[in-house]
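Input: a single structure, listed below in structure tokens.
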Amino acid sequence: MSTLAELPAVAECSVAGCSYNDHSSCHAAAVTIGGTGDAQCATFIPLGVKGGLDRVVSHVGACQRQDCSHNAHLECGAPSVRIGAGHDLADCLTYVPR
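Quick note on numbering: the sequence shown equals residues 1 to 98 in the UniProt record's numbering.
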């Protein structure tokens, strides 16, 4: 992958309490997946301040989960990802451990 358009899109975000969520669409330009136990959406910001761009197809900008089967050189190789409630309020539901 070499451009933002080639990175996997955030197909769905069901985290209603996130500032970047607008009708199940993520409006952050890119999300970061991190966490130590489960694969958390590190871009999650609780409501209070509305964030993001007016029109955007959000992508996975960085994946810090080297133990995910979709991760290659800290880039996500999944066709798309879903963000929603898992162990935490905002997790990458596409995460699959190796």
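The beta-carbon is built from N, C-alpha and C at its ideal position, and this holds for glycine as well.
In this text the structure is predicted, and so the values were computed from the model without any measurement.
Separation of residue j from residue i, as counted between CA atoms
i, j, result
"G37", "D54", "33 Å"
"P46", "N21", "10 Å"
"G86", "V15", "10 Å"
"S24", "G17", "11 Å"
"C76", "R82", "12 Å"
"I33", "S69", "14 Å"
"A5", "T94", "19 Å"
"A11", "V57", "8 Å"
Beta bridge counterpart(s) of residue i as assigned by DSSP
i, result
"G59", "The sequence shown places His at residue 59, rather than the Gly named in the question. DSSP, once it has assigned bridges, lists A9 and A30 as partnering H59."
"G52", "Its beta-bridge partners do not exist; DSSP assigns none."
"residue 117", "Nothing can be reported for residue 117: it is not among the residues displayed for the chain, which extend from 1 to 98."
"D22", "S25"
"P79", "In the DSSP output, where bridge partners are listed per residue, P79 has none listed."
"A72", "E75"
Residue i and residue j closer than 8 Å at C-beta
i, j, result
"C41", "V49", "no"
"P79", "P8", "yes"
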